[in-house]
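In the numbering used here, the protein residues as written are 548 to 652.
Built from N, CA and C at the ideal position, the CB exists for glycine as well.
Predicted model, so just to flag it, every value in this text is computed and none were measured.
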């Protein structure tokens, strides 16, 4: 019988253990991901390596969420690229409150 595992309840340690997986940093593993890319500077590589390390550290012991990705990867990259400075403008998501009236039966 096959057991169903909810992905949102797993962290990377669980996945690595349950499926006997190991992380690899071998750039030959998915070589096509690296073909025909523009050259980057040492500083750009450091920034990207730090974002990668932050992300991998964050997901190792907990479930991943949209906000966790925003905090560990997206926000630092946007800051480094000066997307928080003019001429760009940032706007936060609007909150929406939903209420439902119940009828007494």
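Residue i, DSSP secondary structure in three states
i: residue 625; result: helix
i: residue 649; result: coil
i: residue 593; result: helix
i: residue 569; result: coil
i: residue 602; result: helix
i: residue 561; result: helix
Distance between beta carbons of residue j and residue i, contact taken as under 8 angstroms
i: residue 631; j: residue 619; result: In fact, because the Cβ distance is near 17 angstroms, the residues do not count as touching under 8 angstroms.
### Query
Counting pairs of Cβ atoms below 8 angstroms between the stretch 599 to 617 and the stretch 558 to 566, do you hit three or more?
yes
### Stretch pair the stretch 589 to 598 + the stretch 622 to 630: three plus CB contacts closer than 8 angstroms
yes
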